[in-house]
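First comes the structure, then the notes that go with it.
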Amino acid sequence: MFIFTLLDYIGAMVFAMSGVLTAAEKRLDLFGAMFIGVVTAIGGGTTRDLLIGVTPVTWLSTWHYLAVIMTGIVVAIIFRQTLNKLRRTMFLFDTIGIGVFTIIGLEKALMIGVHPAVAILMGVTSAVVGGVIRDTLTNEVPLIFKKEIYATACIAGALVYLALRWLGLEAGINQLLTVGVIITIRLLSIRYNWSMPVLTIDSDQK
Amino acid sequence: MFIFTLLDYIGAMVFAMSGVLTAAEKRLDLFGAMFIGVVTAIGGGTTRDLLIGVTPVTWLSTWHYLAVIMTGIVVAIIFRQTLNKLRRTMFLFDTIGIGVFTIIGLEKALMIGVHPAVAILMGVTSAVVGGVIRDTLTNEVPLIFKKEIYATACIAGALVYLALRWLGLEAGINQLLTVGVIITIRLLSIRYNWSMPVLTIDSDQK
Amino acid sequence: MFIFTLLDYIGAMVFAMSGVLTAAEKRLDLFGAMFIGVVTAIGGGTTRDLLIGVTPVTWLSTWHYLAVIMTGIVVAIIFRQTLNKLRRTMFLFDTIGIGVFTIIGLEKALMIGVHPAVAILMGVTSAVVGGVIRDTLTNEVPLIFKKEIYATACIAGALVYLALRWLGLEAGINQLLTVGVIITIRLLSIRYNWSMPVLTIDSDQK
Numbered sequence: 001m002f003i004f005t006l007l008d009y010i011g012a013m014v015f016a017m018s019g020v021l022t023a024a025e026k027r028l029d030l031f032g033a034m035f036i037g038v039v040t041a042i043g044g045g046t047t048r049d050l051l052i053g054v055t056p057v058t059w060l061s062t063w064h065y066l067a068v069i070m071t072g073i074v075v076a077i078i079f080r081q082t083l084n085k086l087r088r089t090m091f092l093f094d095t096i097g098i099g100v101f102t103i104i105g106l107e108k109a110l111m112i113g114v115h116p117a118v119a120i121l122m123g124v125t126s127a128v129v130g131g132v133i134r135d136t137l138t139n140e141v142p143l144i145f146k147k148e149i150y151a152t153a154c155i156a157g158a159l160v161y162l163a164l165r166w167l168g169l170e171a172g173i174n175q176l177l178t179v180g181v182i183i184t185i186r187l188l189s190i191r192y193n194w195s196m197p198v199l200t201i202d203s204d205q206k
Numbered sequence: 001m002f003i004f005t006l007l008d009y010i011g012a013m014v015f016a017m018s019g020v021l022t023a024a025e026k027r028l029d030l031f032g033a034m035f036i037g038v039v040t041a042i043g044g045g046t047t048r049d050l051l052i053g054v055t056p057v058t059w060l061s062t063w064h065y066l067a068v069i070m071t072g073i074v075v076a077i078i079f080r081q082t083l084n085k086l087r088r089t090m091f092l093f094d095t096i097g098i099g100v101f102t103i104i105g106l107e108k109a110l111m112i113g114v115h116p117a118v119a120i121l122m123g124v125t126s127a128v129v130g131g132v133i134r135d136t137l138t139n140e141v142p143l144i145f146k147k148e149i150y151a152t153a154c155i156a157g158a159l160v161y162l163a164l165r166w167l168g169l170e171a172g173i174n175q176l177l178t179v180g181v182i183i184t185i186r187l188l189s190i191r192y193n194w195s196m197p198v199l200t201i202d203s204d205q206k
Numbered sequence: 001m002f003i004f005t006l007l008d009y010i011g012a013m014v015f016a017m018s019g020v021l022t023a024a025e026k027r028l029d030l031f032g033a034m035f036i037g038v039v040t041a042i043g044g045g046t047t048r049d050l051l052i053g054v055t056p057v058t059w060l061s062t063w064h065y066l067a068v069i070m071t072g073i074v075v076a077i078i079f080r081q082t083l084n085k086l087r088r089t090m091f092l093f094d095t096i097g098i099g100v101f102t103i104i105g106l107e108k109a110l111m112i113g114v115h116p117a118v119a120i121l122m123g124v125t126s127a128v129v130g131g132v133i134r135d136t137l138t139n140e141v142p143l144i145f146k147k148e149i150y151a152t153a154c155i156a157g158a159l160v161y162l163a164l165r166w167l168g169l170e171a172g173i174n175q176l177l178t179v180g181v182i183i184t185i186r187l188l189s190i191r192y193n194w195s196m197p198v199l200t201i202d203s204d205q206k
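Chains as they are written, first to last, in the UniProt record's numbering: chain V, 1 to 206; chain A, 1 to 206; chain D, 1 to 206.
Dropping the structure here:
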């Protein structure tokens, strides 16, 4: 489906850009920024492909995907000052990215016949692991472990998608609808400052 | 063999719990704790499966394994204060886990026909990589690189297992015996404060 | 080709040694040094093999490779003070390693029929990912993200190799020539203090 492929490319490009901006904040050099950009864009899908046994991994089989990512990287390197100020706008595209990546991961896992619960995990993996690797490589505890309803929006979207799929909704419509659900949850979570409870251990009682 | 599968599940559950406790110490949120819990439990076995080419990786093919891990995570989140005080008891279960994981890794590697030295490496990988990923994601130098006869107990156990296997001992008995050896070495190492020598470089002479 | 296999082994051995020296600087124990040594030596090639779908990964299928790596690790542990003073000499061998690893990765990727741009990426992956994992596990931002024309030398070498290959040069000669190019670029970069530009973001304007 054309729109969906387009959204996938937008997602990869925005993920690559977020990698470059993180690299610039950390004062990495040009190569470091490219490396982090690529890894952020492909990390989630690659991990999913490796786990379910799709090799060579998807993005290796075509130069289009890499070209899209490299375009995102070059644009982000040149316009990094501007993009950094536009983070709120970027954030919307990033949310589209995680929505699309969640559904792609979910669909690919269902295709090899795993249990739906395992498939949801693969959807979330596709969406979040790129960012986790980006933060780990730049020596930070991954952002999504600490704040924001990011992964939770993916899980909720995955559940909606499975339910509508089970009810027989046409795949294309379901995909767009689910991406909409994920975006809505995430925007609401920012607007109303929702977050996951933080775990603590009362060290005094040790 | 029933007992061995049971020990495998216990190992995975305790590894998941240790991930949650580490996440709580680092004040991660609920999703972070779940992510670290899952990764700690499956990291070693997944790495081994990927290296030897078993895909989809083992835990994807059944929802049982994931259910056991999620149970461990939920229990650890609810009872984290209590569990944190029971770390010494947890430690025993954790040792069972590394023992079982070592043997599973060793057996799987031998089955694809690699050299015994390589198989030992796969056994150790199964046992330690989950913890290495857990510590790396929470921005620490992995614990097992710095103290304790943890990996060494795995290597010793793997050697014992190979020797007894070569002598023709029945697999089930050998497995339980080897887990016993690994547990004993680790308990003795704690009791008598054994540790691996730390490497140093005399920086003054640079 | 004998010379090339020899260079591959030298590369793996030197990478393993660099892992041990990093571990000693971080005061890890004997096991930590071994783990980091192995991972540094095999990390790049393993990542490449997994991505292109070569499993069991190459080094699992023979004990020779692991034996060479373990030899490097033992030598580095024993002579770490001396080696630390000889870092400039080590550096030359390390450069041979990245040159050889780049070409091996490139060739392997071309063999499975990917686009040349993707193949270059696989060459660079083979050469640099071992060091990236080494630095991440010891809780540092990877060195190659911050200074030196390291990865750039690999990319330049890969381009030269592809060009000469397209012109029909015999593979063996091309390989040695390309390794020569990579070494020359890297030595010149050290001699004249070349480095990649560092990215910055003007935080004041946020």
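Even glycine gets a Cβ: it sits at the ideal position worked out from N, Cα and C.
Just so it is clear, the structure is predicted and the values come from calculations on it, not from any experiment.
Residues near residue i by beta carbon distance below 6 Å, same chain, minus five either side
i	result
Ala-23/D	Gly-32, Ala-33 and Ile-36
Asn-139/V	none
Lys-147/V	Ser-195
Tyr-150/V	Ile-144
Leu-164/A	Asn-174
His-128/A	In the sequence as displayed, the identity of residue 128/A is Val instead of His. Hits under 6 Å: Ile-144 and Ala-151.
Leu-187/D	none
Residues bridged to residue i (per DSSP)
i	result
Asp-29/A	Val-198/V
Extent of the continuous alpha helix (DSSP H) to which residue i belongs
i	result
residue 219/V	What is shown of chain V runs 1 to 206, which leaves residue 219/V out entirely.
Tyr-65/V	63-78
Trp-166/A	151-166
Asn-174/V	171-191
Thr-138/D	First-last for Thr-138/D: undefined, no H or E at that position.
Candidates the options: closest to residue i by CA position
i	options	result
Asp-8/A	Arg-186/A, Ile-42/A and Met-111/A	Ile-42/A
Thr-95/A	Arg-27/A, Ala-153/A, Ile-104/A and Ala-171/A	Ala-153/A
Val-14/V	Leu-162/V, Leu-28/V, Gly-130/V and Pro-116/V	Gly-130/V
Pro-56/D	Thr-82/A, Met-17/A and His-115/A	His-115/A
Val-75/D	Ser-18/D, Ile-201/D and Ile-155/D	Ser-18/D
Phe-4/A	Ala-171/A, Lys-85/A and Leu-162/A	Ala-171/A
Thr-178/V	Ile-133/V, Gly-157/V and Leu-143/V	Gly-157/V
Leu-66/V	Ala-119/V, Val-39/V and Leu-187/V	Val-39/V
Ala-16/D	Gly-123/D, Gly-72/D and Asp-29/D	Gly-72/D
Arg-134/V	Glu-25/V, Arg-88/V and Leu-187/V	Glu-25/V
Ser-64/A	Val-160/V, Thr-200/V, Leu-199/V and Val-118/V	The amino acid at residue 64/A is misidentified as Ser; the sequence shows His. Here the closest residue by C-alpha is Val-118/V.
Ile-112/A	Met-70/D, Leu-60/D and Ile-120/D	Leu-60/D
Ser-189/D	Phe-91/D, Leu-162/D, Val-160/D and Tyr-161/D	Phe-91/D
Val-20/V	Gln-81/V, Arg-191/V and Gly-180/V	Gln-81/V
Ile-77/D	Asp-29/D, Val-132/D and Leu-169/D	Asp-29/D
Cut-off 8 Å between Cβ atoms - residues of its own chain near residue i, not counting five sequence neighbours on either side
i	result
Thr-125/V	Gly-44, Thr-47, Arg-48, Leu-51 and Gly-105
Ile-182/V	Thr-95, Ile-98, Gly-99, Thr-102, Ala-153, Cys-154, Ala-156 and Gly-157
Thr-122/V	The identity of residue 122/V in the sequence shown is Met, whereas the question assumes Thr. Contacts found: Arg-48, Leu-51, Ile-52, Gly-105, Leu-106, Lys-108, Ala-109 and Val-114.
Neighbourhood of residue i by C-beta distance below 7 Å, restricted to the same chain and skipping five residues each side
i	result
Gly-11/V	Ile-96, Gly-97, Val-100 and Phe-101
Phe-93/D	Ile-10 and Val-14
Gln-205/D	Its pLDDT being 44, under 50, Gln-205/D is placed unreliably by the model, and nothing is read from it.
Thr-58/V	Gly-45 and Asp-49
| query | What residues in the stretch 4-27 of chain V have a beta carbon less than 9 Å from any beta carbon of chain D? | reply | Hits within the stretch, in order: Val-20, Leu-21, Ala-23, Ala-24, Glu-25, Lys-26 and Arg-27.
| message | To be precise: take each residue of the stretch 152-166 of chain V, compare its Cβ to all Cβ atoms of chain D, and keep it if any distance is under 7 Å. Which residues remain? | response | Residues passing the 7 Å Cβ filter: none.
| field | Where the stretch 184-200 of chain D meets chain V: residues whose CB sits under 8 Å from a CB there | value | Across the stretch 184-200 of chain D, CB contacts with chain V closer than 8 Å involve Ser-195, Met-196, Pro-197, Val-198, Leu-199 and Thr-200, in sequence order along the chain.
| task | For the stretch 24-57 of chain A, enumerate the residues whose C-beta is nearer than 8 Å to any C-beta of chain V, in chain order. | result | From the stretch 24-57 of chain A, only Ala-24, Glu-25, Lys-26, Arg-27, Leu-28, Asp-29, Leu-30, Phe-31, Gly-32, Ala-33, Phe-35, Ile-36, Val-38, Thr-46, Leu-50, Thr-55, Pro-56 and Val-57 have a Cβ closer than 8 Å to chain V.
| task | Quick one: which residues of the stretch 116-140 of chain V get their C-beta closer than 8 Å to a C-beta of chain D? List them in chain order. | result | Against chain D - using a Cβ distance shorter than 8 Å - the residues of the stretch 116-140 of chain V are Thr-136, Leu-137, Thr-138 and Asn-139.
| said: By the 7 Å beta-carbon criterion, what residues does the stretch 94-106 of chain D contribute toward chain V? | reply: So the list is empty, because no residue satisfies the distance condition.
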